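Comments concern the structure below.
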Amino acid sequence: MATLRELRDRIRSVNSTKKITKAQELIATAQITKAQQRVEAAKPYADELKDVMERLASASSLAHPMLHERENGRVAAILVVTSDRGMAGGYNHNVLKKAAQLERMLTDAGYEVVRYVTGNKGVTHFRFRDMDVEGSWTGFSQQPSWDDTHGVRHQIIDGYMAGSEGSVPLRVDGAEGASVRGFDVVHVVYTEFVSMLSQEARVTQLLPIEPVLEEFKYEQQDMLTTSGEVGPDMSFEPDADTLMEELLPVYVSRLLYSIFLESAAAESASRRTAMKNATDNATELANDLSREANQARQAKITQEITEIIGGAGALSGSGESD
1 MATLRELRDR
11 IRSVNSTKKI
21 TKAQELIATA
31 QITKAQQRVE
41 AAKPYADELK
51 DVMERLASAS
61 SLAHPMLHER
71 ENGRVAAILV
81 VTSDRGMAGG
91 YNHNVLKKAA
101 QLERMLTDAG
111 YEVVRYVTGN
121 KGVTHFRFRD
131 MDVEGSWTGF
141 SQQPSWDDTH
151 GVRHQIIDGY
161 MAGSEGSVPL
171 RVDGAEGASV
181 RGFDVVHVVY
191 TEFVSMLSQE
201 ARVTQLLPIE
211 PVLEEFKYEQ
221 QDMLTTSGEV
231 GPDMSFEPDA
241 DTLMEELLPV
251 YVSRLLYSIF
261 LESAAAESAS
271 RRTAMKNATD
281 NATELANDLS
291 REANQARQAK
301 ITQEITEIIG
311 GAGALSGSGE
321 SD
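For the sequence shown, the residue numbers in the UniProt record's numbering are 1 to 322.
If you want it as structure tokens, here you go:
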């Protein structure tokens, strides 16, 4: 059984850890609110861009590479979105596990897989296992901005446009002059923010985006005003094909940026849950140790009283015998 001194040292240690986890919980709570505000701030532009793409899709006959699956595609790129910091529960583990499952599936389908990673935790994971990573970006997982994600967004789009037969410059700091092979399909593995208590690892096919554009059914009722009158026909300047060709990369870039924003919110929510659980566990452990320390202190006091009574009884007995 631990001594009273050891128990008190453990209580102090647990309480110190509890202060750290509580502070991290409060910080993560504040960051969730900011992340959700960034998502809401980006939504109007994304909605308007989606509406324009719907109208262009109905008026354009463009056979753009981003819209159709390549024949005899050989190389698949996987972008894994992880965090820069830990203490986020199973956030990174779930994403990396989902990425490994996707990689096995693509390999079985005959693809050669190339990896791209954002977040220091993902980079460390693959480096520790001696697994090649074509490109990696860190430093913005918690607060991604449009400028911070510029390199990864253009790397993915340029790599897809080049195809497996071509190559593109590597848009990573410190890799000036380097080039990497292109690819024929792009999947993104990230964490979806479901709620404050639920975040799920997801896989989405970013390119080609034909399955997405197929959902853009342009219906006649969209041309009706609230009064039931037919609105004016939509005209495009320049023509719809030219606009579609120019806006498709922007649309894909916006989709990828929205993934980073959602992952940031999910990371903060996961960290808040993990730190709250850690704080609750520290509180419970400190209470258990306090009870154990009180029992040890009571036992020590009882033993001392017993020894005093025993000593007094012995002295009393020796006095009577004299």
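Cβ coordinates follow ideal geometry from the N, Cα and C atoms, glycine included. Note that the structure is predicted; figures quoted are calculated from it, not measured.
- Task: Please report the Cβ distance between residue 337 and residue 160, rounded to the nearest whole angstrom; I am assuming they are in contact, meaning their Cβ atoms lie under 8 angstroms.
- Result: One cannot answer for residue 337 here, as it falls past the ends of the chain, which runs 1 to 322.
- Three-state secondary structure (DSSP) of residue 194: For the purposes of this step, residue 194 is taken as residue 194 along the sequence shown, with counting starting at 1. Looking at residue 194 - three-state DSSP - the assignment turns out to be coil, as it is neither helix nor strand.
- Message: List, from N- to C-terminal side, the beta strand (DSSP E) runs of 3 residues or more that fit wholly inside the segment 78-128.
- Response: 112-118
- Item | residue 169 - containing beta strand (DSSP E), residue span | On the sequence shown, residue 169 is found 169 positions in, with the first residue counted as 1. Looking at the DSSP string, the run of the beta strand (DSSP E) that includes residue 169 is 167-169.
- Query: Below 8 angstroms, can you find three or more Cβ-Cβ pairs linking the segment 140-150 to the segment 123-131?
  - Reply: no
- Message: Closest to residue 205 by C-alpha separation, out of 309, 83 and 77, would be which residue?
- Response: Residue numbering aside, residue 205 sits at position 205 when the sequence shown is read from its first letter. Selected option, being the one with the closest Cα: 77.
- Message: Contact defined as beta carbons within less than 8 angstroms: I believe residue 20 pairs with residue 289. What is the distance between those atoms, to the nearest angstrom?
- Response: The residue you call residue 20 lines up with position 20 of the sequence shown. The residue you call residue 289 lines up with position 289 of the sequence shown. Their Cβ separation, rounded to whole angstroms, is 18 angstroms, which puts residue 20 and residue 289 out of contact at 8 angstroms.
- Query: What residues in its chain sit with their C-beta under 6 angstroms from that of residue 120, if we drop five residues either side in the sequence?
  - Reply: By one-based count along the sequence shown, residue 120 stands at place 120. So the qualifying residues of the chain are 84 and 138.
- Task: Give a yes or no on contact between the segment 258-270 and the segment 187-194, applying the rule of three or more CB pairs nearer than 8 angstroms.
- Result: yes
- Proximity of residue 91 and residue 258 at Cβ, strictly below 8 angstroms: By 1-based counting over the sequence shown, the position of residue 91 is 91. By 1-based counting over the sequence shown, the position of residue 258 is 258. In this structure, residue 258 does not lie closer than 8 angstroms to residue 91 by Cβ.
- Task: For my contact list, residue 80 and residue 67 are in at a C-beta cut-off of 8 angstroms; report their separation, rounded to the angstrom.
- Result: Here residue 80 refers to the residue found at position 80 of the sequence shown. Here residue 67 refers to the residue found at position 67 of the sequence shown. Rounded, the Cβ-Cβ distance is 25 angstroms, inconsistent with contact.
- Message: Please classify residue 324 as buried or exposed, where buried requires at least 16 neighbouring CB atoms within 10 angstroms.
- Response: This structure does not reach residue 324, given that the chain is present from 1 up to 322, and the question cannot be answered.
- Query: In terms of alpha-carbon separation, which member of 141, 142 and 114 lies closest to residue 133?
  - Reply: In the sequence shown, the residue the question calls residue 133 occupies position 133. Selected option, being the one with the closest Cα: 114.
- Using 10 angstroms around the beta-carbon of residue 131, count the other beta-carbons present and answer buried if the total reaches 16, otherwise exposed. For this step, residue 131 is matched to residue 131 along the sequence shown. Exposed, since its Cβ has fewer than 16 Cβ neighbours within 10 Å.
- Task: Could you work out which residue in 152, 301 and 93 is closest to residue 202 when comparing CA atoms only?
- Result: Along the sequence shown, one-based indexing puts residue 202 at 202. The shortest Cα separation from residue 202 among 152, 301 and 93 belongs to 93.
- Nearest candidate by alpha-carbon position, reference residue 99, set 24, 157 and 200: Counting from one through the sequence shown, the residue named residue 99 turns up at place 99. When only C-alpha atoms are compared, the closest one is 200.
- Task: Tell me the start and end of each unbroken alpha helix (DSSP H) in the segment 4-69 that is at least 4 residues and wholly inside, in chain order.
- Result: 4-59
- Message: Check whether the segment 271-282 and the segment 21-30 touch, using three or more Cβ-Cβ pairs below 8 angstroms as the test.
- Response: yes
- Ordered along the chain, which non-local residues of its own chain (more than five positions away) have a Cβ less than 7 angstroms from that of residue 279? Sequence index remark: in the sequence shown, residue 279 carries index 279 (1-based). 18, 21, 22 and 25.
- Look at the alpha carbon of residue 89 and the alpha carbon of residue 122, and state the distance between them as a whole number of angstroms. For the purposes of this step, residue 89 is taken as residue 89 along the sequence shown, with counting starting at 1. For the purposes of this step, residue 122 is taken as residue 122 along the sequence shown, with counting starting at 1. Answer to the nearest angstrom: the Cα atoms are 14 angstroms apart.
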